[in-house]
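Notes for the one structure printed next.
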Amino acid sequence: MDLPESLMVMILERLHTRDIARIKLVCKEWKSLLESSYFRDVYKWGFTQSIGSCVSRFLDEVKAANKTSQVGALTSTDGLILLDMSTISEPDMYCVANPMLRQLINIPQPPPYSKTFWLPNGFQATALVTNKKQGDLLGYKVVRYDLSFFSYNLNLQMYSSDSGNWTCYAFRLERLIYSLENNPLSSNPINLNGYLHWLCRESQVLVAHSFYASTGVCRVIDLPERSARFFERPKKDYGEALTISCGALMYMKTDSGRQPNQQLKIWRLKKYKSCSLKGSWKLLWDLTLGLCLATEPVAMHPFVKEIIYLVTRQTDYSERHAYLVSGNLHTKTVQLHEDWKQEHRDFGDYQSHLFNQFKLPQRINSIPCPSGCTIFTLPDQH
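Here the UniProt record's numbering is used: position 340 in the sequence shown is 340, and no number is missing along the way.
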């Protein structure tokens, strides 16, 4: 039965990102409709400016309104950004923001963590995980974490929007995680379906934990092509990244330094199956990039799994810069974006833990406000 296009549009625009990616494969008519300018506008929610411009302007205004603190964006997920609002007199101050609705909520300062934790350097990083149901944002948790270089435990201090309180936890890892660095969880964790996913390079595993399920155990999943030797330090001649595309967690890997025959491989996480590669990952892409420049993977398009983003470094007059590279895996075409040239030293020496991918969720919701907190809305100055 053929449905009128207007009715089909009403049905399709209610679907989840994962379903949209699958439906595009059904027929050319649906693919054309889902890639039309109308559907692009649906996921921009009528904003006339680009998402990047809206977010940048919002962050600049937050910094201007908080001159006493060094405002920094720690992470972003599902349309929210976690901001560090710390000052010398008030460290560890956080704020959850929705830049598109221009909303902010100040999180209460965390109390001193339990003395049962042996944390010589304190909690070293902070993440944000969300609870969603059918596209609606129900809650979030601010997670401060630490994992020592040789540990069976993941130590956390967590703030929940449901309770409005900070709580300390020590979750048991399914097996030992080690690192020759100070912190093996050096990458930004990826939030998906209530899970946080950490890429642990030296142990060559993925650490995953569900923050909205009744479990006290963290999953430890072998990465594809993991060495059979437990303490063998991985080579540094490749780049890797975790990203989300079409509603699934993806693992990207390039073997740097062998241009123009640099290989790119991309796997999708199928199951949270511990200690075994079999059944956990599915190889989606294995191809040669054919570039004259060595690249490192950054992210994939959230809705189109054929579109990828990488970064390449170049030296201009003894100064190192980073450039963004976009590619289409289907057509095997790439483009160097010289307008994204990053001259700052930290970005010129690109590091994956400095990168955060911001995308609009299926539905834009107001930030859940715990008891005792207040939502502040910045006035629109334009």
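Glycine residues also receive a C-beta, built at the ideal position from the N, C-alpha and C atoms. Keep in mind the model is a prediction, meaning the values are calculated, not measured.
Item                                                                                                                         : Value
Nearest residue (CA-CA) to Pro108, options Phe123, Arg57, Thr167, Lys133                                                     : Thr167
Exposure of Thr312, with buried meaning 16 or more beta-carbon neighbours within 10 Å                                        : buried
Classification of Gly216 by the beta-carbon crowding that lies within 10 angstroms, buried from 16 upward                    : exposed
Of the residues Leu173, Ile81, Gln263, Thr333, the one placed nearest Tyr140, counting alpha carbons only                    : Ile81
Touch test, the segment 62–75 against the segment 326–338, Cβ-Cβ under 8 Å, three pairs minimum                              : no
CA nearest to the CA of Gln357, picked from Pro91, Gln124, Pro379, Leu128                                                    : Leu128
Beta-carbon proximity list for Ile375, same chain, < 8 Å, skipping 5 on both sides                                           : Gln103, Leu104, Ile105, Ser366, Ile367, Cys369
Asp175 versus Ala294, Ala97, Lys282, Ser203, residue with shortest Cα-Cα distance                                            : Per the sequence shown, residue 175 should be read as Arg rather than Asp. Nearest of Ala294, Ala97, Lys282, Ser203 to Arg175, Cα basis: Ser203.
Given Thr295 as reference, the closest of Thr254, Ser163, Leu269 once Cα atoms are compared                                  : Thr254
Per-residue DSSP class, three states only, for Glu226                                                                        : Looking at the sequence shown, residue 226 is not Glu but Arg. Arg226: coil per DSSP, three-state reduction.
Leu249: first and last residue of the uninterrupted beta strand (DSSP E) it sits in                                          : 248–254
Nearest neighbour of Leu336, chosen from Ile308, Arg363, Tyr212 [CA to CA]                                                   : Ile308
Limits of the unbroken alpha helix (DSSP H) element including Gly52                                                          : 51–65
N- and C-terminal bounds of the alpha helix (DSSP H) containing Ser32                                                        : 28–34
Leu104 in three-state terms, based on DSSP                                                                                   : strand
Lys271 versus Arg144 - alpha carbon distance                                                                                 : 26 Å
According to DSSP, residues forming a beta bridge with Cys200                                                                : Val205
Environment of Thr87 [buried if 16+ CB atoms lie within 10 Å]                                                                : exposed
Cα-Cα separation, Asp346 to Arg219                                                                                           : Bear in mind that the predicted position of Asp346 carries a pLDDT of just 43, short of 50, making it too unreliable to give a figure here.
Under 8 Å between C-beta atoms of Pro189 and Tyr159                                                                          : no
Helix, strand or coil at Met85 [DSSP, three-state]                                                                           : coil
Length of the line joining the Cα atoms of Ile266 and Met252                                                                 : 5 Å
Which of helix, strand or coil DSSP assigns to Met8                                                                          : helix
Distance, Ile364 Cα to Asp136 Cα                                                                                             : 8 Å
Rounded straight-line distance, which links the Cα of Val26 to that of Pro4                                                  : 17 Å
Spatial neighbours of Leu291 in its chain, beta-carbon cut-off 7 Å, leaving aside the 5 residues before and after            : Gln259, Pro260, Gln262, Val334
Burial state of Ala241, where buried means 16 or more other Cβ atoms lie within 10 Å                                         : buried
8 Å contact criterion, which Leu249 and His209 should meet: CB distance rounded                                              : Between His209 and Leu249 the Cβ distance is about 13 Å, and since that is not below 8 Å, they are no contact.
Of the residues Phe58, Ser89, Ser50, the one placed nearest Ser69, counting alpha carbons only                               : Ser89
Beta-carbon contacts of His344 that lie in its chain and below 7 Å, excluding the five residues immediately before and after : Its pLDDT being 44, under 50, His344 is placed unreliably by the model, and the measurement read from it follows with that caveat. For His344, where only same-chain residues beyond five positions count, there are no Cβ hits under 7 Å.
Other residues of its chain near Ser161: CB distance less than 6 Å, five sequence neighbours each side excluded              : Gly139, Tyr140, Pro368, Pro370
Beta-carbon contacts of Leu192 that lie in its chain and below 7 Å, excluding the five residues immediately before and after : Ile244, Leu249
Residues bridged to Ser76 [DSSP beta-bridge criterion]                                                                       : Ile81
For Ile190, three-class secondary structure by DSSP                                                                          : strand
Top-ranked residue by Cα proximity to Gln157, from Asn131, Leu310, Ala125, Lys67                                             : Ala125
Counterpart residues of Asp380 in DSSP-defined beta bridges                                                                  : Answer is none; Asp380 lacks a bridge partner.
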